[in-house]
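Using our numbering, you'd call the opening residue of the sequence shown number 37 and step up by one each time.
Just so you know, even glycine gets a beta-carbon here, dropped at the ideal spot from N, CA and C.
It should be emphasised that the depicted structure is a prediction, and the values quoted were computed from it without experimental measurement.
Below is one structure, written out as structure tokens; the observations come after it.
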Amino acid sequence: MPSKTSTNRSNLQGEFVLGKKDQTATTVNNQQNVSEKNQTSEQNHTNTYNIKAGLTPGAFTTLMAYPQAVNFENQEEDEIIILLVRRDFVTNFIWIAETILLALLPILILPVLRIGFPFLNLSPLTQIYFTIFYYLIVFEFIIINFAIWYFNVSLVTNKRVVDVDVTGILFRMVSETKLELIQDVSYTQVGVIRSIFNYGDVFIQTAAEIANFEFHAAPEPEKIMRVLGDLIGKPKHGTK
Numbered sequence: 037m038p039s040k041t042s043t044n045r046s047n048l049q050g051e052f053v054l055g056k057k058d059q060t061a062t063t064v065n066n067q068q069n070v071s072e073k074n075q076t077s078e079q080n081h082t083n084t085y086n087i088k089a090g091l092t093p094g095a096f097t098t099l100m101a102y103p104q105a106v107n108f109e110n111q112e113e114d115e116i117i118i119l120l121v122r123r124d125f126v127t128n129f130i131w132i133a134e135t136i137l138l139a140l141l142p143i144l145i146l147p148v149l150r151i152g153f154p155f156l157n158l159s160p161l162t163q164i165y166f167t168i169f170y171y172l173i174v175f176e177f178i179i180i181n182f183a184i185w186y187f188n189v190s191l192v193t194n195k196r197v198v199d200v201d202v203t204g205i206l207f208r209m210v211s212e213t214k215l216e217l218i219q220d221v222s223y224t225q226v227g228v229i230r231s232i233f234n235y236g237d238v239f240i241q242t243a244a245e246i247a248n249f250e251f252h253a254a255p256e257p258e259k260i261m262r263v264l265g266d267l268i269g270k271p272k273h274g275t276k
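See below:
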């Protein structure tokens, strides 16, 4: 039977992610104690891979185990987030470089325009208005690119893998698969840049409706692969 793979377009909420967990459910104290013990045991095991764990993710966090203050829609009461994964921050360098160029462009262009087009005699107030408008556009460019990176996130829990793909400010797709339906985990890390900054693509092959999941440009892909491999109890392999 294929897994229950969902596509969700509801608004992002919470610390960064997918929604707020329903707080109305109550749990017996004994069940809470068992859950806490299991989480501590799993966290200690995950920490053997030297992944930062047990903290509240910051704005630039790309990989964390057992993140605090993070939850998502339809999260079950006993479901624990084991890994939070975003694309490595180095993948933002292209649009950051473009932003710097755009920010410097008026400084470089205005003197040329004054020399080449002397008839463009704009008043100082008009120049201020144009400058403010231009830098508002640059600021919007920064916000959109950062938001797309920030909200593209993958979560590994003790029950499933949840993958959020954001392709624009108005569209996102959420897919998930149960851990027991994962058949194989592998990763690739090809190229000098990826090797230097230690990021790559993690591939998850499943027996679900969506056959493959990919953590694109994930930091420390070998560690992610090993955590997933331990969770599903199956062999894992990678390519550098």
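(Q) Restricting to runs no shorter than 3 residues, where is the beta strand (DSSP E) found entirely within the segment 91-115? (A) 99-101
Q: With DSSP collapsed to three states, give me the class of Q163.
A: For the purposes of this step, residue 163 is taken as the residue at position 127 of the sequence shown. Q163 falls in the helix class under three-state DSSP.
(Q) Within a Cβ cutoff of 6 angstroms, which residues of the same chain sit near F251, ignoring the five residues on either side of it in sequence? (A) Translated into the one-based positions of the sequence shown, residue 251 becomes position 215. V121, S190 and V238.
Q. Going by the beta-carbon positions, is the gap between E112 and K214 smaller than 9 angstroms?
A. For the purposes of this step, residue 112 is taken as residue 76 along the sequence shown, with counting starting at 1. For the purposes of this step, residue 214 is taken as residue 178 along the sequence shown, with counting starting at 1. The answer is no: Cβ separation not under 9 angstroms.
Q. Would you call F129 buried or exposed, if buried means 16 or more other Cβ atoms sit within 10 Å of its Cβ?
A. Stepping through the sequence shown from its first residue, residue 129 is reached at position 93. With fewer than 16 other Cβ atoms within 10 Å, it is exposed.
Q: Using only alpha-carbon positions, find the residue among P103, G269, I145 and Y102 that is nearest to L217.
A: The residue you call residue 217 lines up with position 181 of the sequence shown. Looking at P103, G269, I145 and Y102, the one whose alpha-carbon comes closest to that of L217 is G269.
Q | Limits of the unbroken beta strand (DSSP E) element including D220 | A | What you label residue 220 is simply residue 184 of the sequence shown in a count that begins at 1. Its beta strand (DSSP E) spans residues I218 to T224.
Q: Could you tell me which residues DSSP puts in a beta bridge with L135?
A: Locating residue 135 in the sequence shown gives position 99, counting from the first residue. The sequence given here places Thr at residue 135; Leu does not occur at that position. Per DSSP, none; premise fails for T135.
Q) Which of helix, strand or coil does DSSP assign to D266? A) The count along the sequence shown starts at 1 and reaches residue 266 at position 230. Helix at D266.
Q. Could you give the distance in angstroms between the alpha-carbon of Y170 and the alpha-carbon of A139?
A. As a position in the sequence shown, residue 170 is number 134, starting the count at 1. As a position in the sequence shown, residue 139 is number 103, starting the count at 1. When rounded, the distance between both Cα atoms is 9 angstroms.
Q. Are L119 and I87 touching if we call contact CB-CB under 9 angstroms?
A. Here residue 119 is taken as the residue at index 83 of the sequence shown, counted from 1. Here residue 87 is taken as the residue at index 51 of the sequence shown, counted from 1. Yes; because the gap between Cβ atoms is below 9 angstroms, this pair is in contact.
Q: Please work out which residues of its chain come closer than 8 angstroms, Cβ to Cβ, to V263, disregarding the five sequence neighbours upstream and downstream, and give them in chain order.
A: In the sequence shown, the residue the question calls residue 263 occupies position 227. Only T82, Y85, I87, A101, I118, L119 and V192 meet the Cβ criterion.
Q) Looking only at DSSP bridge pairs, what is I117 linked to? A) The residue given as residue 117 occupies position 81 in the sequence shown. Note: I117 sits in a beta bridge opposite T193.
Q. Which residue comes first and which comes last in the alpha helix (DSSP H) that contains R230?
A. Translated into the one-based positions of the sequence shown, residue 230 becomes position 194. R230 -> alpha helix (DSSP H) spans V228 to F233.
Q. Are there 16 or more other CB atoms within 10 angstroms of the CB of A281, so buried, or fewer, so exposed?
A. Only positions 37 to 276 of the chain appear in this structure, which leaves residue 281 out of reach.
Q.
I'd like to know whether the C-beta atoms of I260 and S211 end up nearer to each other than 9 angstroms.
A. In the sequence shown, counting from the first residue as 1, residue 260 sits at position 224. In the sequence shown, counting from the first residue as 1, residue 211 sits at position 175. Cβ atoms of I260 and S211: not closer than 9 angstroms.
Q.
When you compare the CB positions of Q225 and E258, do they come within less than 9 angstroms of one another, or not?
A. On the sequence shown, residue 225 is found 189 positions in, with the first residue counted as 1. On the sequence shown, residue 258 is found 222 positions in, with the first residue counted as 1. Yes, these two residues count as a Cβ contact at 9 angstroms.
Q) DSSP puts E256 in a beta bridge; with which residues? A) The residue labelled residue 256 in the question sits at position 220 within the sequence shown. Beta-bridge pairing links E256 to no other residue.
Q | E256 versus I168 - alpha carbon distance | A | For the purposes of this step, residue 256 is taken as the residue at position 220 of the sequence shown. For the purposes of this step, residue 168 is taken as the residue at position 132 of the sequence shown. Roughly 41 angstroms separates the two Cα atoms.
Q. Does the Cβ of V197 have 16 or more other Cβ atoms within 10 Å, making it buried, or fewer, making it exposed?
A. Counted from its first residue, the sequence shown places residue 197 at position 161. Per the 10 Å Cβ criterion, buried.
Q. Where V200 and A133 are concerned, what is the direct C-alpha to C-alpha distance, given to the nearest angstrom?
A. For the purposes of this step, residue 200 is taken as residue 164 along the sequence shown, with counting starting at 1. For the purposes of this step, residue 133 is taken as residue 97 along the sequence shown, with counting starting at 1. Going from the Cα of V200 to the Cα of A133 covers about 26 angstroms.
Q) According to DSSP, which residues form a beta bridge with D124? A) Counting from 1 along the sequence shown, the entry for residue 124 is found at position 88. For D124, which the question treats as bridged, DSSP gives no partner whatsoever.
Q.
Please tell me whether R208 and F187 are closer than 9 angstroms, where the distance is taken between their beta carbons.
A. Translated into the one-based positions of the sequence shown, residue 208 becomes position 172. Translated into the one-based positions of the sequence shown, residue 187 becomes position 151. Yes, the Cβ-Cβ distance between R208 and F187 is below 9 angstroms.
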